[in-house]
Amino acid sequence: MIRVGLAGTGSMGLTHAQAYATIPGVVVAAVLDIDRDRAVQLAATVGAHPYSDLDAMLEAEKLDVVDCCLPTAQHRITVERAAQYGCHVICEKPLTLTVADGQAMIAATRAAGTQLLVGQVVRFFPEFQRIASALREGRIGTPVSLTMLRQGSSPGGSRSWYLDETQSGGIFLDMMIHDFDWALHHLGPAERVYARLVQRFEPRAFTQGMATIRHTSGALSQITGTWGHPGPFTTMVELAGDGGLLQHNSSESTPIILYAETAPREPGDVPLPDLSVTNPYRVELAHFVDVLAGRAESLVRPEEALAALSLALSARASAATNQAQVVEVVAA
Ligand SMILES: NC(=O)c1ccc[n+]([C@@H]2O[C@H](COP(=O)([O-])OP(=O)(O)OC[C@H]3O[C@@H](n4cnc5c(N)ncnc54)[C@H](O)[C@@H]3O)[C@@H](O)[C@H]2O)c1
């Protein structure tokens, strides 16, 4: 049985706890939160021991893995301490706030001989997996242009730390990293990025980042992220290849439509699993449990999470300077 120490009881901590309850071979043995009442409450729900201090948890429990669902500024210290105790780490995205911190985290887990599994969960969303399979199967030929949009409400209340760039990295690192990672994984390394940011707090909070990326393959990605969208959380993808076009719009009832040059033009050509029964966080964590049990290779390599972070930092720098940025090739 894999023993997890769950660090953080906020939106992601609760989501992960619910997922673990349905995955065989894994148990949440300890729950950590600086807010002791929250730790006690979730620990009681899942039958674990509560902690408000990381070292105390690592010292007292024989954990196999620490699952870091803490605010991003806490990721590096948590991963390094866990590695010192010989624990594997599941770490929520973004990996961390700087490339140097990310390199240190990868080095720490390598030195300890433990896994670092980063929660780039969009890889595990069924609609994104269907697009990836259609691409792999050659249904649209070689990809040349990708447009991705992700929009949701503005974080606030106990989550106002998201709007503090020193804590979350801002929208490029926190939200758009999902799409940066997906674009890099499927269209290959990025060469240059040009980005813009608009942010208003009155009369209501609204943040939007836009980034245009040139990949070394020559393909272009156009990625937009919004905090402050009044409607429901929405994602859209349009992936154009030299042999067809794939579209996904989460607000439509048929979220993926394939227009292949050679196929009959019928909507719904690519079937999609029912999202209501496929929780991507559960799929992701079940995969990570398989990795830890030696049954699978991780679909998300730490070097990829670092490359996505590097691209997000370059996009943020571009927005701040109004200058296109060369995307740094980072060694892990
Ligand atoms: N994969 C995704 O789709 C996704 C979605 C949301 C958030 N995230 C990421 O997950 C991480 C957590 O986000 P969240 O929304 O759960 O945050 P949150 O604010 O809801 O919860 C954070 C929890 O950590 C606790 N905490 C803060 N500092 C602590 C410390 N030093 N020691 C112990 N506990 C501490 C807080 O009391 C709180 O309960 C972030 O990195 C975020 O970017 C990922």
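Remember, the numbering used here sits 119 above the position in the sequence shown when you count from 1.
Ideal Cβ placement from N, Cα and C applies to all residues, glycine included.
- Note that the C-beta distance between E416 and V410 is below 8 angstroms.
- Selection E447, P421, A436 and R155 evaluated against P213 yields P421 as nearest (Cα-Cα).
- A Cβ closer than 6 angstroms to some heavy atom of ligand 1 marks a residue here, and those residues are G127, T128, G129, S130, M131, G132, L151, D152, I153, D154, R157, C188, L189, P190, T191, Q193, E211, K212, G238, V240, S277, R278 and D293.
- Note on E371: under 16 other CB atoms within 10 angstroms of its CB, so exposed under the neighbour-count rule.
- The continuous alpha helix (DSSP H) containing E199 extends over residues H194 to Q203.
- Taken in chain order, the complete beta strand (DSSP E) segments of 3 or more residues contained in the region 224–278 are 235–238 and 262–271.
- With respect to the 8 angstroms criterion, V445 and R311 are classified as neighbours on the basis of their beta carbons.
- Separation of the CB atoms of L236 and M224 is rounded to 12 angstroms, and the pair is thereby denied contact status at 8 angstroms.
- A contact is defined here as three or more CB-CB pairs under 8 angstroms, and the region 432–442 fails this definition with respect to the region 195–214.
- Counting along the chain, I209 sits inside the beta strand (DSSP E) bounded by residues H207 to E211.
- According to DSSP, V147 shares a beta bridge with V123.
- When the five nearest sequence neighbours on each side are left out, the beta carbons in the same chain lying within less than 6 angstroms of the beta carbon of E357 are those of T266 and Q366, in order along the chain.
- Uninterrupted beta strand (DSSP E) stretches at least 3 residues long and entirely within the region 291–348 occur at 309–319, 325–334 and 339–346, given in chain order.
- Between S171 and R195, the beta carbon gap of about 20 angstroms keeps them out of contact (Cβ cut-off 8 angstroms).
- As a beta-bridge residue in DSSP terms, N368 pairs with M355.
- For Y139, the enclosing alpha helix (DSSP H) covers residues S130 to Y139.
- Taking a 10 Å sphere around the C-beta of Q239, we find 16 or more other C-beta atoms and assign the residue as buried.
- The beta carbon of L430 sits closer than 6 angstroms to those of F299, A309 and V446, all from its chain and outside the five residues before and after it, given in chain order.
- Membership of D154 in any alpha helix (DSSP H) is not indicated, and neither H nor E is assigned to it by DSSP.
- A distance of 8 angstroms or more separates the beta carbons of L151 and L182.
- Between G275 and A324, the C-beta gap is smaller than 8 angstroms, which places the two residues in contact.
- Rounded to the nearest whole angstrom, the C-alpha separation of L133 and G166 is 14 angstroms.
- Less than 8 angstroms divides the Cβ of G360 from the Cβ of I259.
- Per DSSP, the unbroken alpha helix (DSSP H) holding D174 starts and ends at L173 to A179.
- Between I290 and T326, the CB-CB gap stays under 8 angstroms.
- In this chain, the beta strand (DSSP E) harbouring Y170 covers H168 to Y170.
- Beta-bridge partners assigned by DSSP to D186: L125 and I209.
- In the three-state reduction of the DSSP assignment, G288 falls in the coil class, being assigned neither a helical nor a strand state.
- Rounded to whole angstroms, the gap between the alpha carbons of A138 and A162 is 15 angstroms.
- If you draw a straight line from the Cα of H297 to the Cα of V241, it comes to about 6 angstroms.
- Remark: C-beta atoms of T191 and L216 approach each other more closely than 8 angstroms.
- Here H348 is actually not in contact with L306; their C-beta atoms are around 25 angstroms apart, not less than 8 angstroms.
- In the assembly as shown, A179 is an exposed residue. Its beta-carbon has fewer than 16 other beta-carbons within 10 Å.
- Counting only the Cα atoms, S130 lies some 15 angstroms from T164.
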